[in-house]
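Chemist: In my numbering, the protein residues as written are 18 to 139. Just so it is clear, CB atoms sit at the ideal spot from N, CA and C, and this is done for glycine as well. Just so we're clear, the structure is a prediction, and the values are computed from it rather than from any experiment. Please see the structure below; I have some questions.
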């Protein structure tokens with residue numbers, strides 16, 4: 018069942034996600050433009066670079082430190098809005114070899130959110 022969690026118990030830091038992503042991108046080592054690609058019909062610039070799971074702690078507080086990660090971001094060529102992000106590598110000690118996470122971002126698109134029933138006793 019659905020159980021509401023306090024913000025400090027969330028597995029993902031939603032409180033200041035814009036600032037958090039900016040901080041992560043500022044910490045990218047060996048970042049370089051690797052090409053131009055289309056993401057959901059939008060022309061983007063792809064940038065790859067290296068971070069560690071430690072760098073991701075501001076966004077994913079439960080990440081385990083010490084794992085190298087290749088970060089790929091796709092920025093809208095026209096307005097530089099983040100359209101997609103991929104993390105290749107372990108965030109957690111028990112992640113398998115070759116773990117990859119892909120986050121696709123749509124801007125100004127209507128979203129229909131259906132709230133689940135709250136767990137009993139709330």
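Spatial neighbours of residue 23 within its chain, please: C-beta separation below 7 Å, excluding the five flanking residues on both sides.
Modeler: If you number the chain shown from 1, residue 23 lands on position 6. Answer for residue 23: no residue qualifies.
Chemist: Measuring straight from C-alpha to C-alpha, what distance separates residue 90 and residue 100?
Modeler: Mapped onto the chain shown, residue 90 falls at position 73. Mapped onto the chain shown, residue 100 falls at position 83. Taking the straight line joining both Cα atoms gives about 8 Å.
Chemist: Residue 68 and residue 88 look like a contact to me (Cβ under 8 Å); what is the Cβ gap, rounded to whole Å?
Modeler: Within the chain shown, numbered from 1, the residue matching residue 68 stands at position 51. Within the chain shown, numbered from 1, the residue matching residue 88 stands at position 71. With a Cβ gap of about 5 Å, residue 68 and residue 88 count as contacting.
Chemist: I think residue 85 touches residue 106, with their Cβ atoms under 8 Å apart; what is that distance to the nearest whole Å?
Modeler: Your numbering for residue 85 matches position 68 in the chain shown. Your numbering for residue 106 matches position 89 in the chain shown. That belief holds up - the Cβ atoms of residue 85 and residue 106 are roughly 6 Å apart, short of 8 Å.
Chemist: Kindly give me the distance between the Cβ atoms of residue 63 and residue 54, rounded to whole angstroms, as I take these residues to be in contact under 8 Å.
Modeler: Within the chain shown, numbered from 1, the residue matching residue 63 stands at position 46. Within the chain shown, numbered from 1, the residue matching residue 54 stands at position 37. In this structure residue 63 is in contact with residue 54, their Cβ atoms being roughly 5 Å apart against a cut-off of 8 Å.
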